[in-house]
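Trainee: Can you read through this structure? Questions will come right after.
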Amino acid sequence: MREHQGLYRCYFSWGVAPPVSLAPKQGTLRGVFSLTDHEPLALARYGHVFSLLDSTDPTIWDIFRRDGRIELDPASPHLRLLDLFSLRFVAVPRNEQARFRAVWGEGSGWLEARSAPTLTHVVFVRANPLPRAYVVFSWKGVTSREEAFSALTSADFDPRREAIVEAPKGEHLPGEGGKGPELFPARVASYRPTAVEVEVSLEEPGLLVLTDAYYPGWKARLDGEPAEILRTNYLFRGVFVPRGDHRVVFRYEPASFRLGLGLSAAALLALGALLAGRK
746 MREHQGLYRC
756 YFSWGVAPPV
766 SLAPKQGTLR
776 GVFSLTDHEP
786 LALARYGHVF
796 SLLDSTDPTI
806 WDIFRRDGRI
816 ELDPASPHLR
826 LLDLFSLRFV
836 AVPRNEQARF
846 RAVWGEGSGW
856 LEARSAPTLT
866 HVVFVRANPL
876 PRAYVVFSWK
886 GVTSREEAFS
896 ALTSADFDPR
906 REAIVEAPKG
916 EHLPGEGGKG
926 PELFPARVAS
936 YRPTAVEVEV
946 SLEEPGLLVL
956 TDAYYPGWKA
966 RLDGEPAEIL
976 RTNYLFRGVF
986 VPRGDHRVVF
996 RYEPASFRLG
1006 LGLSAAALLA
1016 LGALLAGRK
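Residue numbering for the sequence shown follows this note's numbering, starting at 746 and increasing by one per position.
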């Protein structure tokens, strides 16, 4: 899975008696982009979405689970939300194989990988996963978290043709409309934990969506100029991009880092001045 995932994500079901290799936080330890372990912080919004997919007691989602683990419920009517996370592989215990096979049968967009019967888990593969970065040409503007969640979980929401964008009340979003054409994949030129570079070539303006968490401290530049990051599809980042060839750079630059850097520089200057005065 690690060899073939690229920038797509995986999901590992922990199960009742899991092998150590599938224990929580193995995504980080093994260098795999994992659905439940791809962000360093447990965000409440992720908990809200995961609670729709989890088979355990929903009351635990009052506070998002900290061990990086959920148990997918094959009976959940919201399994289609997995596509939002650019998910390609799902590994579930063999005793759950039949239940998932019933949901992800022929025509579902999921394929069951062949595996040795001695293995504890089986793997399902998404035939056409949502790219980690892509452009849509239609979007719906909302003004609250509640409105965004309602739109996200609506049965007619199609992330391959539209996006949900949260904007302050009264702010105009260019080009709002109905469902547009199929999404346009973007090229991720560089991906690092604190910086992501994306290249696009568009014949018309669109909204670049990066399926990484929206979080304070991330900044964006479009061709070197500051660009606004909009909270998109409830969880992720979006940047409006005009037609033509462009490069969008997302970089993590929290104010706390700049403040700490400034204080450190001031302390070094003060120390230098003190040492110079003693000569």
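Cβ atoms here follow ideal geometry from the backbone N, Cα and C, with glycine treated the same way.
Does His991 come out as helix, strand or coil in the three-state DSSP assignment?
Mentor: strand
Trainee: Pull the bridge partners of Val867 from the DSSP assignment, please.
Mentor: Val837
Trainee: Kindly indicate the opening and closing residues of the alpha helix (DSSP H) around Glu891.
Mentor: 890–897
Trainee: Please name the residue in Leu829, Ala836, Glu907 whose C-alpha comes closest to that of Leu817.
Mentor: Ala836
Trainee: Looking only at its chain, what residues have a beta carbon closer than 8 angstroms to the beta carbon of Tyr756, apart from the 5 residues adjacent to it on each side?
Mentor: So the list reads Ser779, Leu780, Thr781, Leu817, Leu827, Leu832, Phe834, Val835, Ala836, once near-sequence residues are dropped.
Trainee: Determine the extent of the alpha helix (DSSP H) in which Arg846 is found, giving its start and end residues.
Mentor: 842–848
Trainee: Helix, strand or coil: which one does DSSP assign to Arg825?
Mentor: Residue state, collapsed to three classes: helix.
Trainee: Name the residue from Leu953, Glu841, His866, Pro874 whose alpha carbon lies nearest to the alpha carbon of Pro987.
Mentor: The residue among Leu953, Glu841, His866, Pro874 with its C-alpha nearest the C-alpha of Pro987 is Leu953.
Trainee: According to DSSP, simplified to helix, strand and coil, what is Ala878?
Mentor: strand
Trainee: Using the three-state DSSP reduction, which class does Val939 fall into: helix, strand or coil?
Mentor: Per the sequence shown, the amino acid found at residue 939 is Thr instead of Val. Three-state result, Thr939: coil.
Trainee: Please classify Asn978 as buried or exposed, where buried requires at least 16 neighbouring CB atoms within 10 angstroms.
Mentor: buried
Trainee: Looking at the structure shown, is Thr977 part of a helix, part of a strand, or coil, going by DSSP?
Mentor: Three-state DSSP puts Thr977 in a strand.
Trainee: Between which two residues does the alpha helix (DSSP H) carrying Phe795 extend?
Mentor: 789–795
Trainee: State the DSSP-derived secondary structure class of Arg747, mapped to helix, strand or coil.
Mentor: coil
Trainee: Between the region 895–903 and the region 957–971, can you find at least three pairs of beta-carbon atoms closer than 8 angstroms?
Mentor: no
Trainee: So which of Ala843, Trp849, Glu841, Gln842 has the shortest CA-CA distance to Leu824?
Mentor: Trp849
Trainee: Over what stretch of residues does the beta strand (DSSP E) that includes Asp957 continue unbroken?
Mentor: Element bounds for Asp957: 951–958.
Trainee: According to DSSP, is Ala1000 helix, strand or coil?
Mentor: helix
Trainee: Pull up the distance between the alpha-carbon of Val1026 and that of Leu797, whole angstroms please.
Mentor: For the chain, the structure presents residues 746 to 1024; residue 1026 sits outside this window and is missing.
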